[in-house]
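Residue numbers (our numbering), protein chains in the order written: chain Z, 1 to 253; chain X, 1001 to 1325.
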Amino acid sequence: MTPLIETRGVSKHFGAFRALEDVSVAVSDGEFVSVVGPNGAGKTTLVNLLTGLLVPTKGEVFFKGANIAGVGPVALAKRGMARTFQLVQIFPQLTVAETIAAAVVSQQGKQWRLFAGVSEDVAVGARVREIAGIFGLQHRLESPSRMLSQGEKKLLDVASAFALAPELILLDEPTSGVSSAEKHGLMKTLIGAAKAAGVKAIILVEHDMDLVAAYSHRIIALAEGKVLADLPPGPFFSDPLIIETVVGKRRGH
Amino acid sequence: MRTPALLLIIAAVVALALVPILAPPFYANLLVPFFGYAIALLGFNLLFGYTGLLSFGHAMFLGLGAYGAAVIAGVLGIRQFEVVLIGVALGALVVALPVGFLCVRYTGIFFGMLTLAFGMLAHSILFKFYYLTGGDSGMRVPRMRILGLEFGAYNKIELLAGPFYYYCLVLLVLASLLMWRIVHSPFGLHLRSLRDNAQKAEYLGVRVRQFRLAAFVISAVYGAIGGAILGFRIGLADPELVHWTHSGHLVFMTVLGGFTSFLGPIAGALALTLLQDQLQSITQYWRFVLGAILAAMVIFFPRGLAGIAGDIAALFTRRKREVPA
Chain Z
1 MTPLIETRGV SKHFGAFRAL EDVSVAVSDG EFVSVVGPNG AGKTTLVNLL TGLLVPTKGE
61 VFFKGANIAG VGPVALAKRG MARTFQLVQI FPQLTVAETI AAAVVSQQGK QWRLFAGVSE
121 DVAVGARVRE IAGIFGLQHR LESPSRMLSQ GEKKLLDVAS AFALAPELIL LDEPTSGVSS
181 AEKHGLMKTL IGAAKAAGVK AIILVEHDMD LVAAYSHRII ALAEGKVLAD LPPGPFFSDP
241 LIIETVVGKR RGH
Chain X
1001 MRTPALLLII AAVVALALVP ILAPPFYANL LVPFFGYAIA LLGFNLLFGY TGLLSFGHAM
1061 FLGLGAYGAA VIAGVLGIRQ FEVVLIGVAL GALVVALPVG FLCVRYTGIF FGMLTLAFGM
1121 LAHSILFKFY YLTGGDSGMR VPRMRILGLE FGAYNKIELL AGPFYYYCLV LLVLASLLMW
1181 RIVHSPFGLH LRSLRDNAQK AEYLGVRVRQ FRLAAFVISA VYGAIGGAIL GFRIGLADPE
1241 LVHWTHSGHL VFMTVLGGFT SFLGPIAGAL ALTLLQDQLQ SITQYWRFVL GAILAAMVIF
1301 FPRGLAGIAG DIAALFTRRK REVPA
């Protein structure tokens, strides 16, 4: 079976700095894959390559069998990929309903309707309520996004990405800024939502090893721009060298 | 829209409709440019308030409307105002597409400077190509038929203060309704989302540049229609219409009225038209007073007149709630 997304020998250089060097990874349907590594290992660069934002210096990135190097976020959203950001991204002046509706409008291809009322669109409204319900935001639909609590903003950020009905979703540290008590709750909401929304695969970029260990099918560790390990959680966490590189250095901060 | 706001708008339209009947023709005549500015600012605020792009060259499209009227009615001799409106709308489309294509690649101050540069370019073309544009003396905009009617019994002032006044009032109402639909459409939602957070919007499938360009073009068409009204009123397409200070004038009105509100720019156009007339009759330093008012507005009431009105309305509703049931 061809993977949902894969990189083949991808390198990315910024001038003399080699952010990624010859990285080949793949994620298939049904997988939950975590990307870990110390700061500066190339995680963000990899995510930006996978989301078509950056063009690789060398190598290729394939999503559903098509080369997506540099096609940009809009084209990828259309093809079924969504992402969230480490720092919560909202539309401060839009309400919760409008934020989700913006994604639903894209997904339903209605963005060029200049004279139709978006709030009167029954199909958009139904989908907005469905998505808001999955994330427990159904009582906040008319609240301006900037008035939400930090946790709700995070949920809204992710909810709007899910509203695209993506096949693949990239979560860039979704639990950053969330208290450790709430982290597992948030992850369970995300995974439940992914199943409900028909998401085929999830890529998680995460520092928190508890979360990585608890939810991943497979873990890709990056170090200094190279793939250090690409293993299921069992073998991954029993290899002291990997743990030393990935976790040990973080403790040293 | 909430019912009280709707009633207020209907009251305002009725009040405007009564001006030519109840007030001396001077006032109706004074308000004709207000209609031109109000239509232009509806477009301007689609770009500024809803898309987050502040243009400092928007007067070029008002100029395009006035010069377009001069060319179509004067040079070509087609003295039908509807033909002029369609013609300048198409002209704005043709000019705004390439200009907008270049400008929307940038945002913030860079967008502002680029639009300013295009505005200055337009001004110097109109100013220097004397044999085509009449240079500093401009081009005459002859009297036109409206709705195919000559209104031969009316002199120019009577025409402006009567039939043309109502014509412009209807145009403003139609232009407002159309813009209301646009900002509340899926298209308008995408504009507001990219204004708030362009990166996030892109990841939600919003075609940021295309939509900025579309907003630019629509705002240009509105600007040209407003400019055609100004040209008809003055009877002249003057290069000063395109001068960058006139673009600043548009920004002034929008900020005065409040760009965060749909009707704010219209309120701003009305307030400034009346204020300028009053100040000019009181003092020759009226520009100084206007500047001071704008500074005070930005500092104390950043949401403009519309914001003040909203606060007052909120005050009343709160007071009502405090009364025990």
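Backbone N, C-alpha and C fix where the C-beta goes; we use that ideal spot for every residue, glycine too.
- Taking C-beta atoms as the reference points, His1249 (chain X) and His1123 (chain X) fail to come closer than 7 Å.
- Non-local C-beta neighbours of Ala1198 (chain X) in its own chain, meaning closer than 6 Å and more than five positions away in sequence, comprise Val1208, ordered along the chain.
- DSSP places His13 (chain Z) inside the beta strand (DSSP E), whose first and last residues are Ile5 to Phe14.
- The three-state reading of DSSP puts Asn39 (chain Z) in coil, since its state is none of H, G, I, E or B.
- Residue-level contact by beta carbon fails for Gln150 (chain Z) and chain X, as no gap is shorter than 7 Å.
- Contact annotation: Leu1064 (chain X) and Gly1091 (chain X) have beta-carbon atoms nearer than 7 Å.
- Taking the CA atoms as reference points, Gly70 (chain Z) sits about 22 Å from Ala165 (chain Z).
- In this structure Thr1317 (chain X) is exposed. Its beta-carbon is surrounded by fewer than 16 other beta-carbon atoms within 10 angstroms.
- About 34 Å separates the CB atoms of Val122 (chain Z) and Asp172 (chain Z); that is not less than 8 Å, and the two are not in contact.
- Sequence-distant partners of Ala19 (chain Z) (beyond 5 residues in either direction) whose C-beta falls short of 6 Å from its own C-beta, in its chain, are Lys12, Gly42, Thr45 and Gly225.
- Looking only at X:Leu1241, X:Val1032, X:Gly1231 and X:Phe1301, the smallest Cα-Cα distance to Ala1073 (chain X) is reached by X:Gly1231.
- Fully enclosed alpha helix (DSSP H) runs of no fewer than 4 residues occupy 1081 to 1103, 1108 to 1128 and 1130 to 1133 of the region 1073 to 1139 of chain X, in order along the chain.
- Looking at the DSSP output, Ser34 (chain Z) shares a beta bridge with Z:Leu204 and Z:Ile219.
- Leu1169 (chain X) is not bridged by DSSP to any residue.
- By the Cβ-count criterion, Asp1311 (chain X) is exposed, with fewer than 16 other Cβ atoms from all chains shown falling within 10 Å of its own Cβ.
- Straight-line measurement puts the Cα of Leu1294 (chain X) at about 33 Å from the Cα of Glu142 (chain Z).
- By the beta-carbon neighbour count (other beta carbons within 10 angstroms, threshold 16), Leu148 (chain Z) is buried.
- Looking at the DSSP output, Met147 (chain Z) shares a beta bridge with no other residue.
- Not one beta carbon of chain X lies nearer than 7 Å to the beta carbon of Ser143 (chain Z).
- Residue-level contact by beta carbon fails for Lys64 (chain Z) and chain X, as no gap is shorter than 7 Å.
- With respect to chain Z, the C-beta atom of Asp1196 (chain X) has a partner C-beta closer than 7 Å.
- Per the coordinates, the alpha-carbon of Ala1153 (chain X) lies some 12 Å from the alpha-carbon of Pro1163 (chain X).
- Judged by DSSP secondary structure, Val1242 (chain X) falls outside any beta strand (DSSP E); it is assigned neither H nor E.
- Taking a Cβ-Cβ cut-off of 9 Å, the neighbours of Ile90 (chain Z) in chain X comprise Asp1196, Asn1197 and Lys1200, given in sequence order.
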